[in-house]
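Note that numbering that gives the first Met the number 0 gives residue 346 to position 347 of the sequence shown, counting from 1, and the numbers run on in steps of one. Here a beta-carbon is modelled for each residue, glycine too, at the ideal position from N, C-alpha and C.
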Amino acid sequence: MNKELILALDALEKENGISKEVMLDAIEKSLMDEYKAQFNTTENGRVVLDRVTGDFHIYSDRTVVEEVIVPVETADNNKKNTEKYVSATEISLEDARKIKPDCNIGDVIAVEVKSEEFSRRAAKNAKGTIVQKIREEEKSAIYNEYHSKEKEVITGVVQRIDDRGNVIVDIGRTQTTLKVSDQVKGEIFERGDRIKLYVVSVSNKEKPGTVIKVSRTSPELVKRLFEEEVTEIKDGVVEIMGIAREAGSRTKMAVRANVANVDPVGACVGINGARVKAIVNELGNEQIDIIEWDENPAQLIVNSLSPAKVVSAVADDEERKAKIVVSEQQLSLAIGKAGQNVRLAAKLTGFGIDIKSEEQAKAGENADADDFEEFDDELTFSEEDEETTVDDTAVETEE
Numbered sequence: 000m001n002k003e004l005i006l007a008l009d010a011l012e013k014e015n016g017i018s019k020e021v022m023l024d025a026i027e028k029s030l031m032d033e034y035k036a037q038f039n040t041t042e043n044g045r046v047v048l049d050r051v052t053g054d055f056h057i058y059s060d061r062t063v064v065e066e067v068i069v070p071v072e073t074a075d076n077n078k079k080n081t082e083k084y085v086s087a088t089e090i091s092l093e094d095a096r097k098i099k100p101d102c103n104i105g106d107v108i109a110v111e112v113k114s115e116e117f118s119r120r121a122a123k124n125a126k127g128t129i130v131q132k133i134r135e136e137e138k139s140a141i142y143n144e145y146h147s148k149e150k151e152v153i154t155g156v157v158q159r160i161d162d163r164g165n166v167i168v169d170i171g172r173t174q175t176t177l178k179v180s181d182q183v184k185g186e187i188f189e190r191g192d193r194i195k196l197y198v199v200s201v202s203n204k205e206k207p208g209t210v211i212k213v214s215r216t217s218p219e220l221v222k223r224l225f226e227e228e229v230t231e232i233k234d235g236v237v238e239i240m241g242i243a244r245e246a247g248s249r250t251k252m253a254v255r256a257n258v259a260n261v262d263p264v265g266a267c268v269g270i271n272g273a274r275v276k277a278i279v280n281e282l283g284n285e286q287i288d289i290i291e292w293d294e295n296p297a298q299l300i301v302n303s304l305s306p307a308k309v310v311s312a313v314a315d316d317e318e319r320k321a322k323i324v325v326s327e328q329q330l331s332l333a334i335g336k337a338g339q340n341v342r343l344a345a346k347l348t349g350f351g352i353d354i355k356s357e358e359q360a361k362a363g364e365n366a367d368a369d370d371f372e373e374f375d376d377e378l379t380f381s382e383e384d385e386e387t388t389v390d391d392t393a394v395e396t397e398e
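This is the structure we're talking about:
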């Protein structure tokens, strides 16, 4: 070991965040392991590793005796090597005075272990320890870095698409796999594309190491994108209260202002729709409805059914059910294609929503008209009354 080792450890610490001191401690341990392998003890052994030059020395503290007695089993079983026997704990007075001329019997002196074979094995052991420790530290550093980004959005570069359609993405210090089940239906990726991913979870396993689960379908992706794009959300002036998403098709998001005289919907839309359009583009032209949150369940449900206009709404907070009446012309819009609009409104509000036209309500179809008298919160709107429409409390973006 020499100065080149120290320079290499300095580079690892700077570039990969691997602690130089941790590496040096690991090297010292590996040298002591080799000492124990040879002498079957570590009690009287010690390593001196120069943190500047990288040079190391291994010392054995031994008691000075008149003559080192060779164990019987060593003399009997290994006669050829009897003369080479070295005690781990004792040194003869004659040999000791070659190291420290003024020493006497009973003194303890430090004897440097200089065996060529021992040094070769120790260096090899230390090298293996360095490689193993580097791998462990790199895995730990990667885990710590991405664990801190859990539940956040990261940007990656598409490397390739495997035979099953999974997308391999370079996210910086490592790669992750965007599985087919976490991809938005209809999205097509090519090598080199930059994409944003929501980090669902980060786990640390022995094999294959750090596993980073990412998604493009999670509603949380939409939330984080708005937090990045809208300053008012980042600062806490506007708060996202709920999101319902059918990835690749449509999202409904409810927001409220925590500061007076702030338009939460307008803040999210941006001037000329710039803010919401940036997110729509990132999500492959997914439609986003932004509606204003309301503590009154009936009003919240009315807002969530935007862009449909509601004639009357009643909500039972205990049963978490609501009955909505719209005009005949607005019925299909309120329900949405394949029921999507009302389905997302139900997810967003947490209410089961029963929608019918005025004609159905009057005729008593699908529900007894008396049911409406049982609800506590009731809002009645007239399509002719501009103040009661929901157009100004919801925004729908379309390309």
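Residue from the options with nearest C-alpha to residue i
| i | options | result |
| --- | --- | --- |
| Thr175 | Ile211, Ala266, Glu317 | Ile211 |
| Gly185 | Thr62, Gly53, Leu282, Gly16 | Leu282 |
| Arg255 | Asp60, Ile239, Ile270 | Ile239 |
| Ile160 | Ala314, Val179, Ile90 | Val179 |
| Pro70 | Thr62, Asp60, Ala87 | Ala87 |
| Val402 | Asp49, Asn43, Ile104 | Outside the shown range of the chain (0 to 398) lies residue 402, about which nothing can therefore be said. |
| Asn295 | Val313, Asn260, Gln359, Val279 | Val313 |
| Val166 | Lys308, Ala362, Ala125, Arg193 | Arg193 |
| Gly208 | Asp162, Glu231, Lys138 | Lys138 |
| Gly127 | Ile187, Lys35, Ala25 | Ala25 |
| Ile170 | Glu219, Gly191, Asp316, Ile232 | Gly191 |
| Arg319 | Ala297, Lys361, Asn124 | Ala297 |
| Glu231 | Asp315, Lys204, Ala259 | Ala259 |
| Ser147 | Asn203, Ala125, Asp162, Ile187 | Asn203 |
| Glu285 | Pro218, Arg172, Leu92, Gly164 | Pro218 |
| Arg119 | Phe55, Ser311, Phe225 | Phe55 |
| Glu189 | Gly164, Thr173, Arg172 | Gly164 |
Beta-carbon spacing of residue i, residue j below 8 angstroms
| i | j | result |
| --- | --- | --- |
| Leu343 | Ala243 | yes |
| Glu227 | Val264 | no |
| Ala121 | Leu30 | yes |
| Val198 | Tyr142 | no |
| Val237 | Ala277 | no |
| Ala95 | Cys102 | yes |
| Val324 | Glu357 | yes |
| Glu149 | Val201 | yes |
| Asn257 | Gly241 | no |
| Ile17 | Ile129 | no |
| Glu136 | Val64 | no |
| Gly269 | Val275 | yes |
| Val279 | Ile287 | yes |
| Ala140 | Asn15 | yes |
| Leu6 | Glu27 | no |
| Thr216 | Val168 | no |
| Lys2 | Gly53 | yes |
Buried versus exposed call for residue i [16 or more other C-beta atoms within 10 Å across all chains shown]
| i | result |
| --- | --- |
| Glu245 | buried |
| Pro100 | exposed |
| Asp181 | buried |
| Leu4 | buried |
| Leu299 | buried |
| Val341 | buried |
| Gln158 | exposed |
| Leu347 | buried |
| Ala36 | exposed |
| Gln328 | exposed |
| Lys336 | exposed |
| Val112 | buried |
| Ala321 | buried |
| Ile90 | buried |
| Ile334 | buried |
| Lys222 | buried |
| Val229 | buried |
| Ala360 | buried |
| Glu317 | exposed |
| Ala345 | buried |
| Ala362 | exposed |
Bridge partner(s) assigned by DSSP for residue i
| i | result |
| --- | --- |
| His56 | Val47 |
| Leu177 | Val166 |
| Ile104 | Answer is none; Ile104 lacks a bridge partner. |
| Gln182 | The partner list for Gln182 (beta bridge, DSSP) is empty, contrary to what the question assumes. |
| Met252 | Ile242, Ile289 |
| Lys212 | Thr176, Ser200 |
| Thr154 | Lys195 |
Neighbour flag for residue i against chain C, beta carbons, 8 angstroms
| i | result |
| --- | --- |
| Gly155 | This model lacks chain C altogether; it includes just one protein chain. |
Q) Does the count of Cβ pairs from the stretch 142-159 and the stretch 247-254 closer than 8 angstroms reach three? A) Here the stretch 142-159 makes no contact with the stretch 247-254; the two share fewer than three CB pairs at distances below 8 angstroms.
Q: Say whether the stretch 299-312 touches the stretch 341-359, bearing in mind that this needs 3 or more beta-carbon pairs closer than 8 angstroms, one atom from each stretch.
A: By the criterion of at least three beta-carbon pairs nearer than 8 angstroms, the stretch 299-312 is in contact with the stretch 341-359.
Q) Is there contact between the stretch 28-43 and the stretch 11-19, where contact requires at least three CB pairs shorter than 8 angstroms? A) Short answer: they don't touch.
Q. Using 8 angstroms as the Cβ pair cut-off and three pairs as the minimum, do the stretch 53-63 and the stretch 35-44 touch?
A. Counting C-beta pairs closer than 8 angstroms gives three or more between the stretch 53-63 and the stretch 35-44, which meets the contact rule.
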